[in-house]
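Protein chains in written order, with the numbering used here: chain B, 362 to 951; chain R, 682 to 1188; chain A, 1451 to 1886; chain U, 200 to 692.
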Amino acid sequence: MNLCGFTMSFTTAGIHGLYAVMACFMWFVSLAFSLEYMHHYKHKSMYYVFLLATFGATAGVFLSADLLTTFVFFEVMSFTSYVLVIHDESKGAMRAGETYLAVAVIGGMVMLMGLFLLYDLTGTLKIAELPDACAPYAGSGRLYAAAICMLVGFGAKAGLFPLHIWLPKAHPVAPAPASALLSGILTKAGIYGMLIICCSMLAGDEHWAAAILALGAVTMFLGAFLALLSGNLKKTLACSSVSQIGFITTGIGIACLTNNLSEMASKGTVLHMVNHSLIKLLLFSCAGVVYMNLHKLALSDVRGWGRNKPLLGLYFAIGALTISGVPGTSGYISKTLLHESIVEVIEELEHAGESIFLLKGLEWVFLISGGLTFAYMSRLFFCLFIRKNRAEEVQKRYNNKMHPYMNVLSACVIALPAIAMLCIGAVYWQHHYYTWTNLKGSLTSLAIGGLLCLLLKGRDLKELKFDLEDRVYRPLLLGVCVPLLGGVAKMLSAAGDVAAGLCVALMRTIAQALAGVIEGIMIRLNKGLLRQIQPHEERFSPMDWLRGHPIAQRWQEIRMDVLDSANSLSFGLLMAILGLCVFLIYLVRN
Amino acid sequence: MSLVQNVPAFSILLLMLCGIVCLVLPRRAARHLADCAIALVAAASVALLVYFLQGGAAYTYSMGEIGAPFGNELRAGMLEAAVATLFSIVTLLSLMGGRAHLRSDIGRLKVNLYYISTLFLLCSMLALVYTNDIFTAYVFVEINTITACGIVMSKEDGYTLAASMRYFIMSLIGSGLFLISICILYAVTGHLLMSNIQEAVAQLYAQGEYRAPLQVAIALMGVGLSLKSALWPFSSWLPDAHSSASASSSAMLSGLVLKSFIFLMIKIFYRVIGAGIVRTHAVLDLLLVFGILGMVMGSVNALFERDIKRLLAYSSVGQIGYIFCGVGLGTPAGVAAAMVQVAVHATTKAMLFCAAGGLMDASGGSKKFRDIEGAGRRDPYAGVAFIVGTLSMIGIPFFGGFITKLSLVQAAVTVGGWRNLLSILAIIVSTILTAIYYINVLAIIFRAPETAPTKASEKLKEEWKKQVRLDTEYEVAIVLFILLNLAIGLRSDQLMQIITTGLSMFG
Amino acid sequence: MTQLFTLLKISDGLAIQFGADGLGRMFLCLDTVMWILVGIYAFKYKEHMKHTKRFFAFYLLTYLMLAALSMAANYLTMYLCFEFMTLLSMPMVLQDGTPESIAAARKYLMYSIFGATLGLLGFFFSAHYGAGTVFTPGGLLDPAKVAGNESKLLVVAFLSIAGFSAKAGMFPLHAWLPTAHPVAPAPASAVLSGVITKAGVLCILRVMYQVYGASFLAGTWVQKALIVLSLITVFMGSMMAYGEDLLKRRLAYSTVSQVSYVLFGVFTLHPVALLGALLHVIYHSIIKDGLFLGAGAVIFTNHKEYVSQLHGMGKRMPVTFGCFTVCSLGLIGIPPFAGFLSKWYLAAGSLSEGLPVLSWLGPAVLLLSALLTAGYLLPISIHGFFPGEGEKEAEGKEAPFQMLFPMLVLALGVVVFGVFAQPLADALLRIAEAMF
Amino acid sequence: MTGFGILIAILVPILGGALVPLLDFDARRAREYYVFAIVLATSVYTLSLLSSGQGSELVLYHLTSTIDITLRIDRYGSIFALLVSVLWPLATLYAFEYMSHLHKKNRFFGFFTICYGITLGVAFAGNFITMYLFYELLTLATVPLITHEGTREAKVAGVKYLVYSIAGATAAFIGMIAILTHGGSLEFAVIGLGDAATPENRRLFDLAFLFMFFGFGVKSAIWPLHGWLPTAGVAPTPVTALLHAVAVVKSGVFAIGRVVYFTYDAGYLAGSMVQKIGLAFSAFTIVYGTVMAWKEIHFKKRLAYSTVSNLSYIVFAFLLVTPSGLTAGLLHMMFHGLMKIVLFFVAGTVMHQSGRIYVTDLRGFGRAMPVSFATFTIASLALTGIPPLCGFLSKYAIAEAALAQGSPLAYAGVAALLVSAVFTAAYLLTICVRAYFPPADFEPWSLKSVKEANLYMTLPLVLLTAAIVLLGCFPGALQAFIGGVVPAAFPGL
C-alpha cells in the first residue's frame, strides 16, 4: 500500500501474527476493565480515543513488514501513549509524561538515524530481506553503528537498562488499564524490534550477543532489585516488568549467540514474552481494582485490604506464581527453557574450550533474579492478602465489604488472562520439562526467594535514594548541554551582527582619519586665506592662522618691534649681508 | 656704416642734451620736450631693430676715434635694440599714465626737475644696454641710482623721503660692490673693454691662475647687481620705495630700472666672463636658488599686504625671482625665458602701477583695500587693466604671462636633476599664490560698494562719487599697455625669434 | 527552459527574459497558494493595523516580484526581481512604524542588498565566463573560457551563493530574520519566512545548478564550506529558538534552521537530497505559515506575545492550538505528517552522496535539530492543552473563523501531504532529475 | 564653414552671458527669456553641429611656432558636448525658480551662461593647450558662482576651490609642456607618443603623465585632491548640480580621458607602473567617497561625496586602457550626469521649499513633495545599480571591462564597485525610507507649510527621470554613438 510517500508493506507471518493477536486480546481485556475503572474519571472520551489510537499503532508496528513502516507506527504509538500517561494531569503525571516523551522522541530520532544508516548500507528495509542483505557487511563498523542506533530506539521503548528510567515513573501515574498495556504490549514492541536486530541483522555475532546478554543481565537484576525496594504497588509491578524484559533480552542474546540455532532459546523467549504480557495484564488489573476502591497505592496504606477478598487473592496468586516460575505454571516452562538454553551454550563452549566464566556468571544472575522475583511477588501477596493493616480501624473498614469491590464484568474479564496462562501451562505439561536438571534451576531460585522473603518479612524497605534520572540525566542534559550549546548558538547568531558592525565601523574610522588629515590642513589654510577676502575685517592680514603660531609671532616681533618696521634700513642691510656671505662662501668654496 | 648704426650713441646723447635743456624751460614746455625726446629715441630704436631684423650683424661703435685703453665703445645687437625700444616705449607710457598724479604729488615747481631725472634715467638705462665698456657701465649705474632716487623723492611726503633714503643707501652699497669687482677685473686682466677682458679671462681660466680673485669678482658683481635689481634677500628696500613713489615713477622703477641692471648682469656674465665658463659656474646655482626663494617669498609677503601698491611691489619681487630663476638655469632657453619675462613684466607691472594710480583717484587717494572697494566699477580702465594683469599673471593663453610660463617651463623641463623639480614646484606654488592675491584684488575692486562700508571711508566715497573725471592721457596709456601685453601674448613667435637671435649675436 | 518571453532586450548580453521550467512552476504554485491563504487571514488581521491600504499594496507587489522571480529565465532578470522583492517587502516589515520596526527594516534592507550585491558579482563573472545567458540545467559556463581560472570562479560562486543565502537566512547573514519577524505584523512575517526565504533558495538553486552546474561545484571546497555553513545554521537556529520566550522570534529562529535544512539538501548536489530539499521547501512553507498564522491569531485575539503566557490557552483556543500542534508535529518530522518524508530523502541523499565526514554528520545534525524543534514546539502545545492544575490558566477566546480557515487548510495540507505524499514526491523527483 | 560653427557655438553663450550683468535686467521675466533663449539656441546649434559637423576643424590662432589654438569636433569631445548641451537648458530652467529667493541674479546668470560656453570650449578643444585655456577659464568663471551667496562658508569654499584648481591646472600645464618639449604631440588628432617614447626619457614621460593625471585629477576629485568638492556643496543648487555634478568635474575626467587615450596610447600605458598607480588611487576613491557620503548628514555634501566616488568609476574605467574600458567610462559619464543632477535638484527643491539641509529632518517629505521624491527614489535606485535603470548598465559595462582586463587591480576595482554599491544603497535608500515611511509618532501637520515645487523645478526633474528610465531600457542608440569613439582612440584596432 502506498502511504506517506513510500510503499508500506504488512505481513502476518510468524511472530508478527502472534503478537497482533496478543495485542487484540490484551486491548479487549483492558478495554473491558477500564469501562468500570474509568467510570468516575474525567475526560473519558479523550482516554478512549487515544487508547484505540494506540491500539491501531501497536497493531501497525507488529504487522509491518519493513522497518520504515514499523518506525512510522512506532512514533505514532509513542505520542498516543503519551496522552494516556498524562491522563489525570497531576504534577507527577506531567513530570513523568515529560520524561516519557523526551525518551520516546530521543529514542525515535536515534532509531531513525539507525534506519538511515541501514538503508544507506543495505539499500532495503524489508525485514524478510534483512538477513541476507546484512550478511556481506557482517562485522563492519557501519552495520554496528546502524544496529546500535536502532537498539537505542527499541531499547528505550522496551525499557532496557540505561533508558528504563521512564517505566518506574510512567506506570504508577497512568490509569491501571493503560499501564497494563504500557507494560504488557508497548514494551513488547521494543522487544520485537530488538528481535529483528539481533536475530535477523546480526545473527551469530559474538560481540553483539555478548553486549545484549550483558544488558539483559543488568536489566534483570536491577529491575528485580528496584521492585523489591519499591513501596508502591504499581511501581513494584513496573520494576518487575523491567526485570522480566531483562529475562527476555537474555533469551534474545542467547538466540543471537547461537545464530538462531538453539531452538530452546527462541521458543523460550517468545513464550516468556507471551507469559509476561498476560501476567502484567492480570497483576495491573488487580492493582487497578485496588486503586479503584482505595485510590491509594502505597503498600503501607493498602496493607490488609484483600484479606476478605478471596477471588482477587486467587487472581493475584496465579499471577505471582506464574511470574516466579513455580513449577507447574507456564512461567516455569519459559524460564526453564531460557535457563536450559544458557546451560546448553555453556556446555557447548566447554567442549570448544573457551572460557565460560562469563556465562556461568550470567546463569547465576539469572537464578538470583528469579529468586528476587519470587521474593517481591510474595511480599506483595502477603502485604495485600495476608497481613493486617497496622491501624485497626483501617483494617476494620477494609474488612466490611459492604459493596462489591469489582463488578462482575471486570471480575470475569480479569479471569480471562489467568485462565489463558493456566491453559498455556497445561499445554506445555510434557515430561521432559520436569527432568531434574530443569527442576533444580527453578527450585534454587525459589529457595533464594523464600530465604529473602523471610529475611525482609514485615519491614518496609526505604525507597532507593539514588534515582538515576534526577541524579544523572536531567542535570547532565539540562544543566550542562543546553546552556553550553545555547551559549555557542548565541555566540554564532551574534557573529553575523558583530561582523557587520565591525567592518562598517572600520571603514568609517579609516575614512575619518584620512579626511581629518587633509581637511585639517585645508581648513587652516583657507581660514587664513579667507581673511583676505573679508574687506571690512579690521585686521586684513590673511595669514591669520599663522599669526597664532609661536614662530610666526617671534618673526613678527623681530620685524615690528626690534627693527621698528619690516622695511627699515637695518633689516635690509642685515638681509643684504647675509646674502653676500652666502655668495662668497659658496663661490669661493668651489 | 649706414645712418641707423649710430642710433645708440645718438639716443644717449640726445637724452642728455634734452635733460639739460629742460632745466631752463617752463613747466609745460619741459613736459612736451621730454615726451617728444623719448618718442624720438623710441622711434630710433625701432629703426635700429628693423635694421637688425633685415639681417644686420651686431657691430661695435667706438665713441670718438680714441684708441682702446681710453676710447669708449658701444655694442649694438638685435637684443639690445629690442630692449632699448621696450624701455623707451614703457617710459613714455608710464609718464603718460602717471601724468595726473604728477600734478597732485609733485609741486608745480619741481615738475621739470622730475622730467630731467626721467630723461637722465632713460639715458642711463640705454647706456647700460649698449655699453661695451664696464667702466662706462659703472658710470651710468651711478647716474641711474641718483636719478631713480630722484624720481622717488619727488613726491615729497615724509614717508617717501625715508623710503628713498633707504633705497639710496642700499643702491650705493650695490654699486660700491660693483665698482670693487670692476677694479679686481681690471687689476687681473688689464682691460676695460668687455671683449678684451673676455679673452683675458678665458686665457686665465685655461691656465688656472688667479682663480680666487676671479671668483670674488664674480661674487661681488653678482651681489651688487642683485641688490640693485631687488633679488629676494636684497629686496627689502623695494616695497617702500616703489609703493610710496607716485604712479608713473613706481611704474618706471619696477618696470624698467630693475630690468636694466638684470640686462647688465646678463651682458657681463656672457660678454665679460664668457658663455662657456658661466654655464657651469656656481654663481648660476645661487641665482637659481635665490630666484626660487624670491618667487615664493615675494608672493607669500604679498598675501600679507592690505595696501594695493605694496601688494604690487611685493609681486614684482616675485616676478624678479622668475627672471633670476630663468637666468639661473644656465641654458640659452633659460636666459631666453628670463628675457621674455623682462619684457612681459615690464609692460604688465607698469600698467598695474598706473592702474593702481587710477584706482586711488577713484577712491579718494587712499591705497587701503577697505577704501578701494568697488573702485573697479568706478574706473573701468583700471578694472580692465587689473583683469588683464591677473589673467596674464595666472598664465591664460593669449596673454603675456602665458608665454613666460610656457618658456620657463620648457627651459626648466630640459634641465635635469634637482633644478628641474625645484623650479617646477616653485612655479606651481608661485602661480597659486599669485592667482590668490590677484583674484582677491579683483574680488575687492569689483565688489558692489553697498556691502556695509565702514564709517571712516564713508565721507570719502561721497566726494569721489561726484567728481571722478577721467583724463584721456591716462586712458590712452592704459589701453596701449593692454595692447602691448596682448601683442606679446599673440605675437610671441616674433619676440622669441628676436630674443634667440639676439642672444646668439650677443657672445 | 522551453519557450522564452523577452520583455525587454537592452543589449545583446543583457535582456529581461521569462520562461517556465519545472522549478519555476513549483515555486509559483507554492507562492500563489500561500499568498491566497495569508491574504484571507490578512483581511481579518487588518483591523489590528494602521495604513492597511499601503500594506496590501506592497503585499501584492511583493507577490508580483516573487512570481517574476520564479519565472525568470536569466541571471539578470532574477537579480532584478530579487532586488525589487527586497525593496517592496521592506515596507511590510516597518508596517507598525515603531522605532524597532524601522531599525529592523533598515537592517533587513542592508543585509539583503549586501547579499544581492554579492549576487551581482556572480552575475558579472557568469556574464563574462558564460556561454549563453539563459539558465541551462547543468550550468551555462563555457569550458573553454573557464579552463584557466577555476579557483577564481569557485571563490565567486561561493560569494554569490552566500550572498543569495542572506535572504534565506544562512549563518553569516542571518541576523536580520530574528529581528525583522517579531516586529512585522503576522501576515507579513508568515509570508516573509514562509515564502520570501524560499525566493532566496530559488536563486541559490538557479545559480548552483543552472549557472555554475552541479558537476562544476561537486566535491569542491565550496560545496563543503556551504554544507558546513548550512549545518551550523541548522543547529544554531534551533538552539536559539529553544531558549527564546517571544513566540514570533522563536518561530523566526525556527525558520532560520528549517530553511537551512533545505539549503543542506541543495548543497549536497545529489538528486535524492535535492528532492528532499524541494519537498522540505513545500512542507516548511505550509507548516511555518500555519505556525505564524497561529501565533498571529493568539496575538490578534488575546494579545499574548510570550510563550510563558500561553498556559492552558489550548483549551480556550482549541482549533488554533490544534492546527498549531499538527504543524509542530509536522515540523518535528513525526512520520505520518509532512515533515518526515523530506527529512528522510535529505538524509538518504546526503548519505548516498558519500562526502567523507559530512555525509553522516549532516543527518546527525538534522536529527539533533529535529530533537530541539520538538524541544521548543511541543511544550507550547502541551502547556496549551494540559496546563496541569497548579498553573493559573490564561483566559481568552477563539480567533474569528476567517483566521481559522487558512490555519485549518494548512493543517489539512500538512496531514494530506504527509500521508499522500507519493504523487508530490514523484513530481518533484522529475524536477530534481531535470536539474542535473 | 563648420569650423567657424564651433567658434560660434562657444562665443554665443560667453558673449551672451557677459551681456547679462551689463544689460542689468531688473524685470525677472525679461532676464529669464533672454538667458533661456541664448542657452537653448546654443544647445540646438551644438546638437546640429554634433550631427553634421563631425571632424570639422578650425585653427583659431598660432600662439607660438609649435603651439596653436585649434577647435575640432571629434567623436570623443562630442559625447561630452552632447551631455552638456542637453543638461544645461534644464538646469537653467531650474535655476530661474531657485534663484528667486537669492540676490544678485544678473551676475549669477551672467557667469552661469559664460560657464556653458567655456565647457563647450573644453569639449571642442583640438589640442591640449586650447583645452588648458578653457580649463583655466572654467575655474575663473566658476569661482564667483561658488562665492555667490557671500556667506563666510561660500568664501571659504571659493578660495579652497580656487587653490585646488589652479594647483591642478599648473601641474597639468607643466606635464603638457614636458611632453611638448620631448617630442610628444599635444594634438588630439595624433594618437600616442609615437617614436618620442624612447626608453631613456620614458621616466620623464611617466612623470609627466602623473603630473597631468593628478593635475586634471583635482577636478575629477581623486582622493587626496577631492577636498574642494564637498565644501563647494554650499554653493546654490544650480551651481552644485550643474557644475559639480556635470560640467566642471566631468571636464576633469574628460581631460584625463584625453591624456590616457589621445596623448599616451594604450601601447604605452597598458601594464605600466603609472597605470597601476592610477587604478589604485581611483579604486580607493570609489570606496572612500561612498563611505564619507554615508557618514555625512548634510544633504548636498553627501551627494558631493557620492560624486567623488562616481567620478572615480569613470577614471577607473578609462585607466583600463581597453576599448571596452573607454566606452564603459563614457557611458557612466553620461548616466552619472543624468542621475546626479536629479539628486542635486531634489536637494535644491527641498532647501528652496522648506529650508532644510540635513538628511535627518526629511521625515515624511515623501507625501509633502510627491513628485520630487518620486524622481529622487528612481534616481537613487538607478545610482545603486538596479537592473532596468541606466545606472546598472554603466556599472555592468565597467565591471565587464575590468574582468576582461583581468589584472589583480582590476578585480580590486570590481570589488570596490560592489562595496560602493552597498554604501550607495545605504546613504540614498535610507533617505527614501525616511521620506516615505515616517515613524508612527510623526505628525503630518508639521509639514503642511511644505508644498510641491512649481513647474519650473519639477519639469526638469520629470524629464531627466524619464531619460534615466528610457536610457536604462533602450540604450542602443547611445551605446552606438559612444562606440564610435573606439576607432578614433584605437587606430590599430
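Even for Gly, the Cβ is constructed at its ideal location relative to N, Cα and C.
Asked: Exposure of G522/U, with buried meaning 16 or more beta-carbon neighbours within 10 Å; Found: According to the sequence as given, residue 522/U is Pro; it is not Gly. By the neighbour-count rule (16 or more Cβ atoms within 10 Å), P522/U is buried.
Asked: Segment limits, beta strand (DSSP E) that includes R271/U; Found: I268 to R271
Asked: Nearest-angstrom Cα separation, counted from M933/R out to Y867/R; Found: 33 Å
Asked: Buried versus exposed, by CB contacts within 10 Å (16 or more), E899/B; Found: At E899/B, the pLDDT of 35 sits below 50, so the modelled position is not reliable and the matter cannot be decided from this model.
Asked: E708/B - DSSP class collapsed to helix/strand/coil; Found: helix
Asked: F768/R vs L937/R beta-carbon contact at 9 Å; Found: yes
Asked: Neighbour flag for M868/B against chain U, beta carbons, 9 Å; Found: yes
Asked: Reference A808/R, options A739/R, D838/R, G1170/R and L945/R, closest by Cα; Found: L945/R
Asked: 8 Å Cβ shell around R230/U - same chain, five flanking residues per side excluded; Found: V219, F224, K304, N305 and F308
Asked: One or two residues paired with V1584/A in a DSSP bridge; Found: N1524/A
Asked: Through-space distance from L580/U to L1862/A, alpha-carbon basis; Found: 43 Å
Asked: Cβ of V433/U within 9 Å of any chain B Cβ; Found: no
Asked: Reduced DSSP secondary structure (H/G/I, E/B, other) of Q253/U; Found: coil
Asked: Whole-angstrom distance between A611/U and I1737/A, CA atom to CA atom; Found: 44 Å
Asked: Proximity test, Cβ basis, 9 Å: V923/B and chain R; Found: Any reading at V923/B is ruled out, since the residue's pLDDT is 44, under 50, leaving its predicted position unreliable.
Asked: 4-residue-minimum alpha helix (DSSP H) runs that sit fully inside the stretch 711-756 of chain B, ordered along the chain; Found: 718-742
Asked: Among Y1495/A, A1797/A and T1775/A, the one whose alpha carbon lies nearest that of L1828/A; Found: T1775/A
Asked: Rounded separation between A911/R and A388/U - CA only; Found: 46 Å
Asked: First through last residue of the alpha helix (DSSP H) which encompasses G466/U; Found: A465 to L468
Asked: C-beta neighbour in chain U for P1541/A, strict 9 Å; Found: yes
Asked: Closer than 9 Å to chain U by CB, G1580/A; Found: no
Asked: Exposure label - M511/B; buried when at least 16 CB within 10 Å; Found: buried
Asked: C-alpha gap between I1126/R and R1058/R, whole angstroms; Found: 7 Å
Asked: Beta-carbon contacts of V833/B that lie in its chain and below 7 Å, excluding the five residues immediately before and after; Found: none
Asked: Residue range of the alpha helix (DSSP H) that includes M298/U; Found: Looking at the DSSP string, M298/U is not in any alpha helix (DSSP H), and its letter there is neither H nor E.
Asked: Given Y1703/A as reference, the closest of S695/B, L720/B, L853/B and E724/B once Cα atoms are compared; Found: L853/B
Asked: Residues, ordered as in the chain, of the stretch 485-509 of chain U that lie near chain B by beta-carbon distance below 7 Å; Found: Y487, V490, M491 and K494
Asked: Residues that V258/U bridges to, as DSSP identifies them; Found: T269/U
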